[in-house]
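Trainee:
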Ligand code: GRG
């Protein structure tokens, strides 16, 4: 569990939890109360990466610049490390109450986490992605996969932070729209970066129409349209953020800009 948690990564989801908490108000106090939830979402994310890398799923040898969990500890232990992180995440969320977070906010966070990380959320998106390997045919199908596999955990992160910060239901609704758009933009940018990285490795020009196992936005609509879509989705995300009328939205805005322009 610690091997994969400490392997690095951008820590995007915990940063979203903390930034959403501080954006709503009483920044310092909110950040402190939100810390256990920030840790919990990284545990969930790390479990999903460990399981995604298993031979039965993506069968990857490297993650976060290091050998994948099953390459070091074997498949059985990697499955258990993922299971342990998933379960411990719920324990971590409940720690927010002992720090002083309102119990009703924490209860809503537990419920959101079970839904958005579970079968109606990330797990469902991953299942649709695995089925799609036999042939994703439409943009609607691809959007469904991305919205659940990727956006739902970002939605959870932003909502959880905002709940701890004391957000109103109107603010939560606007923040949900923000995170859904942000997640889609993030995933499409990820697909673009994968193609650019693959081309660099092969020393060839970037091609979005190459035959590949996974259907992506660049594959379906081309590289240029995908890049335009990332910009449009980011603008829409920022518009939703403005509608949330937060006290200090600056960090969330900076994250949206960073994700659009990142090169790794
Ligand atoms: C196994 C239930 C289950 C779910 C797996 C997260 C996931 C779902 C699969 C990983 C593969 C993938 C490309 C998912 C899309 C989301 C995504 C871009 C994950 C990588 O997140 P980053 O870039 O990773 O935030 P770091 O390492 O920076 O934390």
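In the working numbering, the protein residues as written are 1 to 264. Ideal Cβ positions, reconstructed from N, Cα and C, are used throughout, including at glycine.
#1: Below 8 angstroms, can you find three or more Cβ-Cβ pairs linking the segment 157 to 165 to the segment 17 to 25?
#2: Does the segment 4 to 23 come close enough to the segment 151 to 161 that 3 or more CB-CB pairs lie under 8 angstroms?
#3: For residue 57, report the span of its alpha helix (DSSP H) as first-last.
#4: Just grab the DSSP bridge partners of residue 32 for me.
#5: Grouping DSSP H, G and I as helix and E and B as strand, with all else coil, what is residue 163?
#6: Count the other C-beta atoms from every protein chain shown that fall within 10 angstroms of the C-beta of residue 219, then say buried if there are 16 or more, exposed otherwise.
#7: Label residue 255 either buried or exposed according to how many other C-beta atoms from any shown protein chain fall within 10 Å of its C-beta, with 16 as the threshold for buried.
#8: With residue 57 and residue 51 assumed to form a contact (beta carbons below 8 angstroms), what rounded beta-carbon distance in angstroms separates them?
#9: Starting from the Cα of residue 143, find the closest Cα among 183, 237, 246 and 120 and give me that residue.
#10: For the segment 33 to 43 and the segment 94 to 105, state whether three or more C-beta atom pairs, one from each stretch, are separated by less than 8 angstroms.
#11: Run through the segment 59 to 113 for me and flag every whole alpha helix (DSSP H) of 4 or more residues, listed as ranges in chain order.
#12: What I want to know is whether the C-beta of residue 190 ends up closer than 8 angstroms to one or more non-hydrogen atoms of the ligand GRG.
#13: When you compare the segment 123 to 131 with the segment 62 to 74, are there three or more beta-carbon pairs, one atom per stretch, that lie closer than 8 angstroms?
#14: To the nearest angstrom, report how far apart residue 237 and residue 188 are at their CA atoms.
Mentor: Reading off the structure:
#1: Taking 8 angstroms as the limit for Cβ pairs, the verdict is that the segment 17 to 25 does touch the segment 157 to 165.
#2: The answer is yes - the segment 4 to 23 touches the segment 151 to 161, with three or more Cβ pairs under 8 angstroms.
#3: Per DSSP, residue 57 belongs to no alpha helix (DSSP H) and is neither H nor E.
#4: DSSP, once it has assigned bridges, lists no residue as partnering residue 32.
#5: In the structure shown, residue 163 sits in a helix (DSSP, three-state: H, G or I).
#6: In the assembly as shown, residue 219 is a buried residue. Its beta-carbon has 16 or more other beta-carbons within 10 Å.
#7: The C-beta of residue 255 has 16 or more other C-beta atoms within 10 Å across all chains shown, which makes the residue buried.
#8: Rounded to the nearest angstrom, the Cβ distance from residue 57 to residue 51 is 6 angstroms, consistent with a contact under 8 angstroms.
#9: Among 183, 237, 246 and 120, the Cα nearest to that of residue 143 belongs to 183.
#10: Contact between the segment 33 to 43 and the segment 94 to 105 is present, because at least three Cβ pairs lie under 8 angstroms.
#11: Along the length of the segment 59 to 113, whole alpha helix (DSSP H) runs at least 4 residues long occupy 69 to 73 and 75 to 99, reported in chain order.
#12: Checking the Cβ of residue 190 against the ligand GRG gives yes.
#13: Taking 8 angstroms as the limit for Cβ pairs, the verdict is that the segment 62 to 74 does not touch the segment 123 to 131.
#14: Going from the Cα of residue 237 to the Cα of residue 188 covers about 14 angstroms.
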